[in-house]
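Under the working numbering, think of the first position of the sequence shown as 133, with each following residue one higher. Ideal Cβ positions, reconstructed from N, Cα and C, are used throughout, including at glycine. These numbers were taken from a predicted model, which means no experiment stands behind them. For reference, the structure discussed in these notes is given below.
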Amino acid sequence: MTTTEPAKPTTAPNAAIKSDAAKPASGNKALAKPKVEMVTLDQLAREMKMPARDARMLLRLAAKQTKIYPTLGKDHVARQPWQWTPGSKALDEARKALSATPTV
């Protein structure tokens, strides 16, 4: 039975690794974008001092009222978490919907 020894690695891959490491920092535009901090439903519910479940229910009802809250329903995608960019019109409408007293 004969055994074979693995070949020694060449220096070319090491040079390629070093040159690839410098590329993402300088040329990749997707990584250069600043990450926008989003306001989540949980944060908004804590601000309004209510359970997140109740806030979610109220937002679902408010999103259906397009005359009162036009951008709230447009900004939310079904089956996705409720989140808004800070200072957006939809965030203002969400605060308004959660602060309004429900009529029975």
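CB contact flag (residue i, residue j, <8 angstroms)
i, j, result
"Leu-230", "Leu-193", "no"
"Ala-187", "His-208", "no"
"Gln-215", "Leu-173", "yes"
Residues near residue i by beta carbon distance below 7 angstroms, same chain, minus five either side
i, result
"Glu-225", "Tyr-201, Thr-203, Leu-204"
"Pro-112", "Because the chain is modelled from 133 through 236, residue 112 falls outside the range shown and cannot be assessed."
Simplified DSSP state of residue i, which is helix, strand or coil
i, result
"Thr-203", "helix"
"Gln-197", "coil"
"Gln-215", "strand"
"Ser-231", "helix"
"Lys-221", "helix"
"Met-180", "helix"
Beta-carbon contacts of residue i that lie in its chain and below 6 angstroms, excluding the five residues immediately before and after
i, result
"Pro-183", "none"
"Ala-114", "Residue 114 is absent from the structure shown; the chain starts at 133 and stops at 236."
8 angstroms CB neighbourhood of residue i in its chain, flanking five on each side removed
i, result
"Thr-217", "Val-168, Met-170, Val-171, Leu-223"
Run of the alpha helix (DSSP H) containing residue i, from where it starts to where it stops
i, result
"Ala-210", "Careful: Ala-210 lies outside any alpha helix (DSSP H) and carries neither H nor E."
"Lys-167", "Neither: Lys-167 is in no alpha helix (DSSP H) and is coded neither H nor E."
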